[in-house]
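Enquirer: Counting from 1, position 796 in the sequence shown corresponds to residue 795 in numbering that gives the first Met the number 0; the numbering is continuous, with no gaps. My questions all concern the structure below.
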Amino acid sequence: MPVADGDPGARLRGRQVECGALDSLVATVRTGRSAVLVLRGEMGIGKTALLNHVRAGSAGCRPAGAVGIESETELPFGGLHQLCAPFLGHLGSLPASQRDTLGRAFGLITGASPDHLLVGPAVLSLLTEVAAKEPLICVVDDVQWLDDISLHTLVFVARNLRAERIGLVLAVREPSLEAEPAELAELPQLVVEPLSDNDAGALLESVVPGRLDERVRNRIVAETQGNPLALLEMPRGLTPAELAGGFARPDAYAWAGQIDLSFLRRVQALPSETQLMLLVAAAEPMGDVALLARAAELLEIDPSAASPAEAAGLITIGARVRFRHPGMRAAAYRVATAEARRDVHRALAEATAPDTDPDHRAWHLAGAATGPDEAVAVELERSAGRAQARGGVAAAAAFLERAAELTPDRTVRGARTMNAARAMYQAGGYESARELLAAATLGPMGEHRLAEAALLRGRILFASKSSGDAVPLLLAAARRLEPLDAGLSQEAYRDALNAALIADRVPHRIHLQEVATAMLAAPQGPSPARGDLLLRGLATMIVDGFAAGAPMVHKALAAFCAEELSAEEGLGWYPLAARMAFNVWDFHSSTVLSTRLVDLAREVGALSVLPSALLQLVSNRVLAGELDHADLLIAEAQIIGEATNSPYLTHYVSLVTEPWKGREKATLRAIDAMTLDAASQQGQQGKVLSSTQWAKAVLYNGLGRYGEAYAAAEEAGANLQELGLAIRSKIELVEAATRSGRPDRAAEAARQIDDMARASGTDWALGTSAVVRAQVSEGPEAEALYREAIERFGRTDVRITYARSHLLYGEWLRRENRRVDAREQLNIAHEVLSRIGVDGFAERARHELHATGASVRRRPEGAHAALTAQEAQVARLAADGMTNPEIGAQLFISPHTVEWHLRKIFAKLGIASRRQINDTLLDGTAAPA
Numbered sequence: 000m001p002v003a004d005g006d007p008g009a010r011l012r013g014r015q016v017e018c019g020a021l022d023s024l025v026a027t028v029r030t031g032r033s034a035v036l037v038l039r040g041e042m043g044i045g046k047t048a049l050l051n052h053v054r055a056g057s058a059g060c061r062p063a064g065a066v067g068i069e070s071e072t073e074l075p076f077g078g079l080h081q082l083c084a085p086f087l088g089h090l091g092s093l094p095a096s097q098r099d100t101l102g103r104a105f106g107l108i109t110g111a112s113p114d115h116l117l118v119g120p121a122v123l124s125l126l127t128e129v130a131a132k133e134p135l136i137c138v139v140d141d142v143q144w145l146d147d148i149s150l151h152t153l154v155f156v157a158r159n160l161r162a163e164r165i166g167l168v169l170a171v172r173e174p175s176l177e178a179e180p181a182e183l184a185e186l187p188q189l190v191v192e193p194l195s196d197n198d199a200g201a202l203l204e205s206v207v208p209g210r211l212d213e214r215v216r217n218r219i220v221a222e223t224q225g226n227p228l229a230l231l232e233m234p235r236g237l238t239p240a241e242l243a244g245g246f247a248r249p250d251a252y253a254w255a256g257q258i259d260l261s262f263l264r265r266v267q268a269l270p271s272e273t274q275l276m277l278l279v280a281a282a283e284p285m286g287d288v289a290l291l292a293r294a295a296e297l298l299e300i301d302p303s304a305a306s307p308a309e310a311a312g313l314i315t316i317g318a319r320v321r322f323r324h325p326g327m328r329a330a331a332y333r334v335a336t337a338e339a340r341r342d343v344h345r346a347l348a349e350a351t352a353p354d355t356d357p358d359h360r361a362w363h364l365a366g367a368a369t370g371p372d373e374a375v376a377v378e379l380e381r382s383a384g385r386a387q388a389r390g391g392v393a394a395a396a397a398f399l400e401r402a403a404e405l406t407p408d409r410t411v412r413g414a415r416t417m418n419a420a421r422a423m424y425q426a427g428g429y430e431s432a433r434e435l436l437a438a439a440t441l442g443p444m445g446e447h448r449l450a451e452a453a454l455l456r457g458r459i460l461f462a463s464k465s466s467g468d469a470v471p472l473l474l475a476a477a478r479r480l481e482p483l484d485a486g487l488s489q490e491a492y493r494d495a496l497n498a499a500l501i502a503d504r505v506p507h508r509i510h511l512q513e514v515a516t517a518m519l520a521a522p523q524g525p526s527p528a529r530g531d532l533l534l535r536g537l538a539t540m541i542v543d544g545f546a547a548g549a550p551m552v553h554k555a556l557a558a559f560c561a562e563e564l565s566a567e568e569g570l571g572w573y574p575l576a577a578r579m580a581f582n583v584w585d586f587h588s589s590t591v592l593s594t595r596l597v598d599l600a601r602e603v604g605a606l607s608v609l610p611s612a613l614l615q616l617v618s619n620r621v622l623a624g625e626l627d628h629a630d631l632l633i634a635e636a637q638i639i640g641e642a643t644n645s646p647y648l649t650h651y652v653s654l655v656t657e658p659w660k661g662r663e664k665a666t667l668r669a670i671d672a673m674t675l676d677a678a679s680q681q682g683q684q685g686k687v688l689s690s691t692q693w694a695k696a697v698l699y700n701g702l703g704r705y706g707e708a709y710a711a712a713e714e715a716g717a718n719l720q721e722l723g724l725a726i727r728s729k730i731e732l733v734e735a736a737t738r739s740g741r742p743d744r745a746a747e748a749a750r751q752i753d754d755m756a757r758a759s760g761t762d763w764a765l766g767t768s769a770v771v772r773a774q775v776s777e778g779p780e781a782e783a784l785y786r787e788a789i790e791r792f793g794r795t796d797v798r799i800t801y802a803r804s805h806l807l808y809g810e811w812l813r814r815e816n817r818r819v820d821a822r823e824q825l826n827i828a829h830e831v832l833s834r835i836g837v838d839g840f841a842e843r844a845r846h847e848l849h850a851t852g853a854s855v856r857r858r859p860e861g862a863h864a865a866l867t868a869q870e871a872q873v874a875r876l877a878a879d880g881m882t883n884p885e886i887g888a889q890l891f892i893s894p895h896t897v898e899w900h901l902r903k904i905f906a907k908l909g910i911a912s913r914r915q916i917n918d919t920l921l922d923g924t925a926a927p928a
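Here it is as structure tokens:
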């Protein structure tokens, strides 16, 4: 597109709008803000030229860049390493956890694979640190060929830029060669359109020496459809006679094919030794000049062989090897024979140091293989382990899949393919995992391997949201593994129970009862016994009733609380243990285990576990009356939910707090969103039904709309085998039924709760039993039960239930015409419920106090409601003494965004320093809205 070819600073013809948008982006960055733009367009439309325009026009800013390379798409962190390599000297300024994450990602230090979702915040912090000294302009070309980790990380960075003085321009080919993250399309976009006929003709004339026939000119303009690269490249592959006498191209080829053909022609026109040098450069994805020289020497290529290609503008060899266009790289590789490609890969493998870059060496060895080769397969398998340590299971899967392809022995090939399938499943590539698993089962497999395959098939199905269909597969795998591998069989039973618990209300062939029965019939699992005891306690509850299994669960919980578990074991068992603690009314164990789980998940960066762990702790903190703390945890869960593209969980966690606050619109919005999210996820409907109806029951009991609360509680608590919210819904049902004229139904539910509570025996359980029985009793018996409930709840940390008991007792006293006594109880209820933010029930207490003749003012909104959830999270962490980088690392935002939030917090709270935040939080004026 430039008027003067080869001058990146020249004016771009026909690109006034695009250049204006890019100039505006640079200007925005110079003013201290950040800006993002995604350039989209077909191959050759001029995206690279526009990126050069950004570089040329960003004086006073520090430039940075990366280019996606097609051959590197399966090598993790390649794009990020290009972008961040000049800035690695700034790693020392990052928080230790982020420094460690990037060190392991880029191979600077050894250690376990960093969680991919932690890399985004770390890269954001690194770029922010660089931009603190001078504005930073990052341009990334051919984004469609970036490795997945680099692509998702850059999207994360782009979505979280605020006031860091960073400009990010991403160029994406359309149509994209690979599926791209949906979030990429949500960024600001600029589609680079074809040139007008006038501009296209002028550009063509600028690169054609001599005469250009008018008819040829018009045809080239028409066939290239305003594509600048086609206009620049096509004439160069044609003779003057073709240009002057009529330009004929095969009609069967689209313009993209014509570009490829022109690239091929230009490569083929070079001397054979130059073609071989280009092939080496094309096969070496890192652009390593020293490696290129070593491989060329092994192939006996004269160093001057690259000169014709450089003179023709096809390649530049400086600090790095760069092709003029990725299509030229592809052409250089495509024109070569298979034998030449193998020779080049063999030379590159020999030239690559096995101690410093074993992965690329293994990859080149695979490229040099002429057929099955066990030695190369072994190298790839070893490389898979290194790749997983550095790039995670997705990288390992690529190496394992290639290793399997090169394995001569069918049995070994099947085992390696199975390992590749397992790695792909862990990486979330479920469709690829299914295909690999199908391939693995084609070869000879022993019984143990077949059973593993069955388990993996069930897990893939479960993970892809078909829990109902997964249940029979998981149960069959568990039974099949019993005589082969007791530990794996136990894991399969656990997965089957989890799937059945979620899908029990969805029609399918196997129900929860059958899974639990099979679990109880299975041999005892391996030591330690706490896991087996927990599973058997749960299964016994399902088969023989709550009372039969509760003692085993309590014993297992005591064992889990008594000893800190390793990261692997804790992340596997704490979620179920914390959930079961909640189910058996063991609030102490629930607090200990859910807190441990969140701390452990944060410590090791297990973002796949952390959102659900936060949900466990949110439920715990809500019952403890710490709704402000719960809101902070929800803000964290929502940030992670956005990072992990998990809107279902984000809406789910909102249902834990919104009903207690009496916010009908917010609750119903969350219910609608959650229901919509689950509609496309088979097997989730049962869980959605329980949670949404429980939320309605709590909401409408708080608002005093008991008929609606009863209908919701009846539906949510229909199947007590589900435990959890089914039990909580029964408690809500008693209150709603007694207030809506259904005493018999209330009495029946109270008896069910009493049976379970007595089996549990904790103060939380027995207090719950007392308060529901009080509601279906009369006279002195009712009063004694209310007092017992208040006393028992007072010995626990379950503050919401404690306050609600005072409310129910006060309402009963008012109905008994004991107004003075009623005021005492209702004042306690109103004060506690108002202070902790349970506004629906607090308003109910206020109305009851009015009915006794007391005058009560509504709780003022004030600054209390001024802070958003994320502002409250920032305020809390700042009050704890954390620095801006540390806050940013925990909340997945940049330090500049933290500073921006703090300025808003200071203004809203009327304070001037961090020291004042803690006092404001303590006096209750800064709770989140």
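Every residue gets a Cβ at the ideal spot worked out from N, C-alpha and C, and that includes glycine.
Do the region 699-718 and the region 668-675 touch if we need at least three Cβ pairs shorter than 8 Å?
Expert: Flag = no, the region 699-718 and the region 668-675 do not touch.
Enquirer: Once the 5 residues before and after Leu169 are set aside, which same chain residues still bring their CB inside 6 Å of it?
Expert: The count along the sequence shown starts at 1 and reaches residue 169 at position 170. Once the five neighbours on either side are set aside, the close Cβ partners of Leu169 are Val37, Val139, Val142.
Enquirer: Who pairs with Ile165 in a beta bridge, going by DSSP?
Expert: The sequence position of residue 165 within the sequence shown is 166, counting from 1. According to DSSP, Ile165 bridges with Leu135.
Enquirer: Please return the same chain residues whose Cβ sits closer than 7 Å to the Cβ of Phe461, not counting the five positions on each side in sequence.
Expert: In the sequence shown, counting from the first residue as 1, residue 461 sits at position 462. Closer than 7 Å at Cβ, skipping near neighbours: Ala469, Leu473, Asp494, Ala498.
Enquirer: Taking its Cβ as the centre, do 16 or more other Cβ atoms sit within 10 Å of Arg741, making it buried, or is it exposed?
Expert: Residue mapping note: residue 741 aligns to position 742 of the sequence shown, counting from 1. Buried: at least 16 other Cβ atoms inside 10 Å.
Enquirer: With 16 as the cutoff for other CB atoms within 10 Å, does Asn816 come out buried or exposed?
Expert: For this step, residue 816 is matched to residue 817 along the sequence shown. By the neighbour-count rule (16 or more Cβ atoms within 10 Å), Asn816 is not buried but exposed.
Enquirer: Within the same chain, show all residues whose beta-carbon is closer than 6 Å to that of Glu451, passing over the 5 residues directly before and after it, in chain order.
Expert: Position 452 of the sequence shown holds residue 451. None.
Enquirer: Give the range of the alpha helix (DSSP H) segment to which Phe155 is assigned.
Expert: As a first step, residue 155 must be located in the sequence shown, where it is residue number 156. Run containing Phe155: 147-158, per the alpha helix (DSSP H) assignment.
Enquirer: By how many angstroms is the C-alpha of Ala502 removed from the C-alpha of Ala289?
Expert: The count along the sequence shown starts at 1 and reaches residue 289 at position 290. The count along the sequence shown starts at 1 and reaches residue 502 at position 503. If you take the alpha carbons of Ala289 and Ala502, they lie about 58 Å apart.
Enquirer: Quick check: the region 18-27 against the region 142-156, are at least 3 beta-carbon pairs closer than 8 Å?
Expert: As far as the Cβ criterion goes, the region 142-156 does not touch the region 18-27, which means the pair count is below three.
Enquirer: Taking the beta carbon of Gln15 as the centre, do at least 16 other beta carbons fall within 10 Å, making it buried, or is it exposed?
Expert: Locating residue 15 in the sequence shown gives position 16, counting from the first residue. Burial call: exposed.
Enquirer: Who are the near neighbours of Tyr937 in its chain, counting only those whose CB is closer than 6 Å to its CB and skipping five residues on each side?
Expert: An answer regarding residue 937 cannot be provided, because it is not within the stretch 0 to 928 covered by the chain.
Enquirer: Ignoring anything shorter than 4 residues or poking outside the region 647-677, list the alpha helix (DSSP H) runs there in chain order.
Expert: The qualifying runs do not exist here; there are none.
Enquirer: Taking all protein chains shown into account, do 16 or more other C-beta atoms lie within 10 angstroms of the C-beta of Leu145, making it buried, or fewer, making it exposed?
Expert: In the sequence shown, residue 145 corresponds to position 146, counting from 1. Result: buried.
Enquirer: Assuming Ala439 and Thr416 make a contact with CB atoms under 8 Å, what is their CB distance in whole Å?
Expert: Translated into positions along the sequence shown, residue 439 becomes position 440. Translated into positions along the sequence shown, residue 416 becomes position 417. Yes, they are in contact, since the Cβ atoms of Ala439 and Thr416 sit about 4 Å apart, within 8 Å.
Enquirer: Out of Lys903, Glu663, Ser271, Gln692, which has the shortest C-alpha to C-alpha gap to Pro307?
Expert: Mapped onto the sequence shown, residue 307 falls at position 308. Taking only the C-alpha atoms, the option nearest Pro307 is Ser271.
Enquirer: If we ignore side chains and look at the alpha-carbon of each, how far apart do Asn159 and Ala636 end up?
Expert: Residue numbering aside, residue 159 sits at position 160 when the sequence shown is read from its first letter. Residue numbering aside, residue 636 sits at position 637 when the sequence shown is read from its first letter. Taking the straight line joining both Cα atoms gives about 16 Å.
Enquirer: Can you give me the start and stop residues for the alpha helix (DSSP H) that Leu570 sits inside?
Expert: Locating residue 570 in the sequence shown gives position 571, counting from the first residue. Unbroken alpha helix (DSSP H) run through Leu570: 566-582.
Enquirer: Does the region 586-596 touch the region 569-576, meaning 3 or more C-beta pairs lie closer than 8 Å?
Expert: Segments in contact, yes.
Enquirer: To which residues of the same chain is Leu297 closer than 7 Å at the C-beta, ignoring the five residues directly before and after it?
Expert: For the purposes of this step, residue 297 is taken as the residue at position 298 of the sequence shown. If we look at Leu297 and ignore the five residues flanking it on each side, its Cβ neighbours are Ala346, Glu349, Ala350.
Enquirer: Grab me the residues of Gly5's own chain with a C-beta within less than 6 Å of its C-beta, minus the 5 sequence neighbours each way, in chain order.
Expert: As a working mapping, residue 5 is identified with position 6 in the sequence shown. Confidence is the limiting factor: at Gly5 the pLDDT is only 36, short of 50, which leaves the residue's position unreliable and the question unanswerable from this model.
Enquirer: According to DSSP, simplified to helix, strand and coil, what is Glu481?
Expert: Working through the sequence shown from its first residue, we reach residue 481 at position 482. Three-state DSSP puts Glu481 in coil, outside helix and strand.
Enquirer: For Asp838, count neighbouring C-beta atoms within 10 Å of its own C-beta (all shown protein chains included) and say buried if the count is 16 or more, exposed if not.
Expert: Sequence index remark: in the sequence shown, residue 838 carries index 839 (1-based). Answer is buried; the Cβ neighbour count reaches 16.
Enquirer: Could you tell me which uninterrupted beta strand (DSSP E) segments, each at least 3 residues in length, are contained entirely in the region 789-867, listed from first to last along the chain?
Expert: Counting whole runs of 3 or more residues, the region 789-867 contains no beta strand (DSSP E) stretch at all.
Enquirer: Considering only the alpha carbon of each residue, which of Leu74, Asn51, Ala162 lies closest to Ile892?
Expert: As a working mapping, residue 892 is identified with position 893 in the sequence shown. Nearest of Leu74, Asn51, Ala162 to Ile892, Cα basis: Ala162.
Enquirer: Let me make sure I understand the geometry here. Which of Ser653, Arg54, Cys137, Asp114 has the alpha-carbon closest to that of Ala34?
Expert: Residue numbering aside, residue 34 sits at position 35 when the sequence shown is read from its first letter. That would be Cys137, whose Cα lies nearest to the Cα of Ala34.
Enquirer: Since Ser728 contacts Trp693 with CB under 8 Å, what's their CB separation in whole angstroms?
Expert: The residue you call residue 728 lines up with position 729 of the sequence shown. The residue you call residue 693 lines up with position 694 of the sequence shown. Rounded, the Cβ-Cβ distance is 5 Å, consistent with contact.
Enquirer: Alpha carbon to alpha carbon, how far is Asp358 from Glu283?
Expert: Walking along the sequence shown from the start, residue 358 turns up at place 359. Walking along the sequence shown from the start, residue 283 turns up at place 284. When rounded, the distance between both Cα atoms is 13 Å.
Enquirer: Taking 8 Å as the cut-off, decide whether the C-beta atoms of Leu228 and Ala199 are in contact.
Expert: Within the sequence shown, residue 228 is the residue found at index 229, counting from 1. Within the sequence shown, residue 199 is the residue found at index 200, counting from 1. Not closer than 8 Å, so no.
Enquirer: For Phe559, which three-state DSSP category applies?
Expert: The count along the sequence shown starts at 1 and reaches residue 559 at position 560. Residue state, collapsed to three classes: helix.
Enquirer: What are the boundary residues of the alpha helix (DSSP H) that Thr100 is part of?
Expert: Residue mapping note: residue 100 aligns to position 101 of the sequence shown, counting from 1. Unbroken alpha helix (DSSP H) run through Thr100: 95-104.
Enquirer: By a C-beta neighbour count over all protein chains shown, 10 Å radius and 16 as the cutoff for buried, is Asp762 buried or exposed?
Expert: Here the question's residue 762 lines up with position 763 in the sequence shown. Classification for Asp762: buried.
Enquirer: From this set, Glu885, Thr30, Arg340, Gly467, which residue's C-alpha is nearest Ile165's C-alpha?
Expert: As a position in the sequence shown, residue 165 is number 166, starting the count at 1. Closest by alpha carbon: Thr30.
Enquirer: Could you spell out where the beta strand (DSSP E) holding Thr315 opens and where it closes?
Expert: Translated into positions along the sequence shown, residue 315 becomes position 316. Where Thr315 is concerned, the enclosing beta strand (DSSP E) stretches over 314-316.
Enquirer: Return yes when the C-beta of Thr666 is under 7 Å from any heavy atom of the ligand ZN, and no when it is not.
Expert: No copy of the ligand ZN occurs in the structure displayed, which carries no ligand at all.
Enquirer: Can you tell me which of Ala871, Pro894, Gln872 puts its alpha carbon nearest to the alpha carbon of Thr882?
Expert: Locating residue 882 in the sequence shown gives position 883, where the first residue counts as 1. Among Ala871, Pro894, Gln872, the Cα nearest to that of Thr882 belongs to Pro894.
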